[in-house]
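Presented below is the structure to which this report refers.
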Amino acid sequence: QVQLVESGGGLVQAGGSLRLSCAASGLIFGIKSTAWYRQAPGKQRELVAAITSDGNTNYADSVKGRFTISRDSAKNTVSLQMNSLTPEDTAVYYCNAVGKLIQNFASWGQGTQVIVSS
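Sequence positions in the sequence shown follow this note's numbering and run 27 to 144.
Structure (structure tokens):
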């Protein structure tokens, strides 16, 4: 159906920036919304930011003003620009796409690690 591949994670110092990318392939015309989630050790996976096919966005309160989600339809990618990173942003970041083909679907990428050192 839809395959997602994340890239761009790594190690950065507090106050630094990283840009994550999520490349979608397959039946991408069925995607209604793409989101970034993250999961820190010992914590539940949480929504970070989402963007709909119409371009509407929403963010977790903890990242508002620091993170920006964007979509490049020509490249079938969704990016997450992360600025002013703190150690609390350390987590595995996952790309998620939801939509409908014959039936509703939800696809996940394999995740990319982000480590913010203090």
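Each residue gets a CB set at the ideal place from its N, CA and C atoms; glycine is no exception. These numbers were taken from a predicted model, which means no experiment stands behind them.
Terminal residues of the beta strand (DSSP E) in which residue i lies
i, result
"LYS58", "57-65"
"GLU32", "28-33"
"GLN39", "36-39"
Other residues of its chain near residue i: CB distance less than 7 Å, five sequence neighbours each side excluded
i, result
"GLN139", "GLY35, VAL118"
"GLY42", "LEU111"
Sequence-distant residues of the same chain with beta carbon closer than 8 Å to residue i, five excluded per side
i, result
"ALA40", "LEU111, THR112, PRO113, VAL142, SER143, SER144"
Residue i, buried or exposed, once every other Cβ within 10 Å from all chains shown has been counted against 16
i, result
"GLY81", "exposed"
"ALA189", "Outside the modelled stretch of the chain, which goes from 27 to 144, sits residue 189, for which no answer is possible."
"ALA132", "exposed"
"ASP87", "exposed"
Rounded Cβ spacing between residue i and residue j (contact assumed at less than 8 Å)
i, j, result
"SER99", "SER105", "That pair is no contact at about 12 Å."
"LYS58", "LYS126", "7 Å"
"VAL31", "GLY135", "6 Å"
Collapsed DSSP secondary structure at residue i in the structure displayed
i, result
"ILE54", "helix"
"ASP115", "helix"
"LEU106", "strand"
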